Ligand code: GUN
């Protein structure tokens, strides 16, 4: 089998952002408003600071309003909840994202559940989880949304495919399973207790790996020609004292068997913020009762 087609997440994310920018222009011209995204960062986690900076920059680049709220690590839970309440009530704010992880003294679930479901651009609120599973209009977590878009670039019709999602997190595995079910895939959710995981994965026409274990999925688990979407971003030692990023799939052996595969970096990663921007537009549409833009 020839080597797999490499799915270029960077290029596809740029396409998503271009569509967001076009939608933002259209909303301004036809409905007289510009969507706004509020991002809340509590504390000084270096990785979170980078994410928040990138989010704010890309929000502005697509023509939207960005509201950044940086709070000290010792912020009381009640004060964070008061800010969320203020943002819920602010008509200029269409999307609210509270960056995770939060400091240990704050109950993350309580904070996330306080966000207005119609402004919940992470799609983590139980109301959005429920809406997704019943097929109602909802805000869907960004990473699975981006993963689905990548898969659809190589298989526009996913109906009938056997899909195996490895990992059952609330952020990726479970919503991914729901999205693939909505595309009429036959979905298996595999996890750490799955019996004969290689055998289960070998049945899949589409594999989504979201386990958080570096290079866990091996090439001889992959059905020849299958689509492999690697959600993992793991930093590992390179041997020369430096580090490198690898996915949850052993790239070389999987790429030798798959029909198409996402690289790490440059696959699912760039899609996440692009889908956050897309969700901010969708949140504004939901709030204003405007049908999805074509
Ligand atoms: N921290 C790392 N990724 C994410 C994300 O997708 N959403 C939020 N809220 N925090 C994160």
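In the numbering used here, the protein residues as written are 755 to 1048. C-beta: ideal position from N, C-alpha, C; glycine also. Keep in mind the model is a prediction, meaning the values are calculated, not measured.
Measure the CB-CB distance between residue i and residue j and report whether it falls below 7 Å.
i            : j            : result
residue 923  : residue 962  : no
residue 1012 : residue 980  : yes
residue 926  : residue 898  : yes
residue 880  : residue 929  : no
residue 812  : residue 987  : no
residue 1019 : residue 999  : yes
residue 837  : residue 1037 : no
residue 797  : residue 1025 : no
residue 782  : residue 788  : yes
Around the Cβ of residue i, are there at least 16 other Cβ atoms within 10 angstroms (buried) or fewer (exposed)?
i            : result
residue 800  : exposed
residue 848  : buried
residue 997  : exposed
residue 806  : buried
residue 777  : buried
residue 984  : buried
residue 905  : buried
residue 814  : exposed
residue 865  : buried
residue 994  : exposed
residue 1009 : buried
residue 845  : exposed
residue 952  : exposed
Please return the same chain residues whose Cβ sits closer than 6 Å to the Cβ of residue i, not counting the five positions on each side in sequence.
i            : result
residue 862  : 856
residue 1051 : Nothing in the structure corresponds to residue 1051, since the chain is present only between 755 and 1048.
residue 867  : none
residue 831  : 860
residue 870  : 842
residue 824  : 795
residue 835  : 868
Going by alpha carbons, who is nearest to residue i out of the options?
i            : options                : result
residue 990  : 974, 983 and 970       : 970
residue 790  : 951, 1016 and 819      : 819
residue 940  : 1030, 882, 838 and 915 : 915
residue 882  : 933, 1023 and 832      : 933
residue 913  : 858, 960 and 887       : 960
residue 873  : 951, 793, 1021 and 805 : 793
residue 852  : 860, 788 and 787       : 860
residue 1007 : 1030, 877 and 977      : 977
residue 827  : 885, 858, 816 and 1043 : 858
residue 766  : 854, 1022 and 816      : 1022
residue 816  : 1044, 1029 and 833     : 1029
residue 887  : 950, 1042 and 937      : 937
residue 920  : 795, 844, 783 and 957  : 957
residue 950  : 975, 967 and 966       : 975
Can you tell me whether residue i sits near ligand 2, meaning its C-beta is under 6 Å from at least one heavy atom of the ligand?
i           : result
residue 906 : With respect to small molecules bound, the structure shown includes ligand 1 and not ligand 2.
Would you list the one or two residues that DSSP bridges to residue i?
i            : result
residue 965  : In DSSP, residue 965 forms no bridge with anything.
residue 1003 : 971
residue 989  : 999
residue 940  : 916
residue 821  : 792
residue 960  : 917 and 981
Leaving aside the five residues before and after residue i along the sequence, list all residues of the same chain whose C-beta is less than 8 Å from its C-beta, in chain order.
i            : result
residue 1004 : 969, 970, 971, 972 and 973
residue 839  : 868
residue 785  : 1042 and 1044
Can you give me the Cβ contacts of residue i inside the same chain, cut-off strictly under 7 Å, excluding the 5 residues immediately before and after it?
i            : result
residue 1032 : 770 and 774
residue 954  : 918, 942, 944 and 948
residue 810  : 793, 820 and 822
residue 1040 : 872 and 891
residue 931  : 919, 941 and 943
Using beta carbons (cut-off 7 Å, strictly below), is residue i in contact with chain C?
i            : result
residue 1022 : The structure shown contains no chain C, having only a single protein chain.
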